[in-house]
Each structure stands twice: as C-alpha cells, then as structure tokens.
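Undergrad: Residue numbers (our numbering): 510 to 597. Dropping the structure in here first, questions after.
So this is what it looks like as structure tokens:
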C-alpha cells in the first residue's frame, strides 16, 4: 500500500485484484507509518460511504474520485487490513 497508494501510479495495479479504500484512511495510515510516535494509527476503516441504499457504488472512478476520494490497493494489502480492522 505504501508504494502505489495515492501516488497516481495505477499502472502497477493493472491486471491485479484490488479493493477500494477511503483516501483519507490511506493518508492517515501513511502518516502513522512514517511517524508512529507522532501520529495515531487510523482507528477504523469504513467503506460504507461508497455504497448507496441499494448497495451500489456511489463513486465515479473515471471522473476524479480515484485518488481524491478513494484509493485502489492490492488484494494482499486489503487482506492485511482485514486482519487489523473489524469491517463495519
């Protein structure tokens, strides 16, 4: 997640299973990784704002939501996050 998240380099993620994570979470995570004594680990990971009441995505991944609102992460990174956080 550290190498490709929020740096605009989605080419590294082509043909790779990915998941969507809030960009705000990734920003907090990177701050914590860089300076854990100065920044707290993000308290939770919540993807529910990405879904409407019918369970469909509310995002426009072709219209600027990618890297501004959400971030693509590789499946192994998502699996590690699932181990650390109880999904809401």
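For every residue, glycine included, the Cβ atom is placed at its ideal position computed from N, Cα and C. Since we're looking at a predicted model, the values are computed, not measured.
1. Which residues in the same chain have their Cβ closer than 6 Å to the Cβ of residue 541, if we skip the five residues on either side of it in sequence?
2. Hey, residue 554 and residue 534 are a contact pair by Cβ (cut 8 Å); roughly how many whole angstroms apart?
3. Helix, strand or coil for residue 535? Go by DSSP, reduced to three states.
4. For residue 529 versus residue 559, is the C-beta spacing smaller than 8 Å?
5. Among 543, 571, 578 and 537, which has the Cα closest to the Cα of residue 557?
TA: Answer, in terms of the structure:
1. If we look at residue 541 and ignore the five residues flanking it on each side, its Cβ neighbours are 548 and 550.
2. Sure, about 6 Å apart at Cβ, within 8 Å.
3. If DSSP states are grouped into helix, strand and coil, residue 535 belongs with the helices.
4. One thing to note: residue 529 has its Cβ within 8 Å of the Cβ of residue 559.
5. The residue from 543, 571, 578 and 537 with its alpha-carbon nearest to that of residue 557 is 578.
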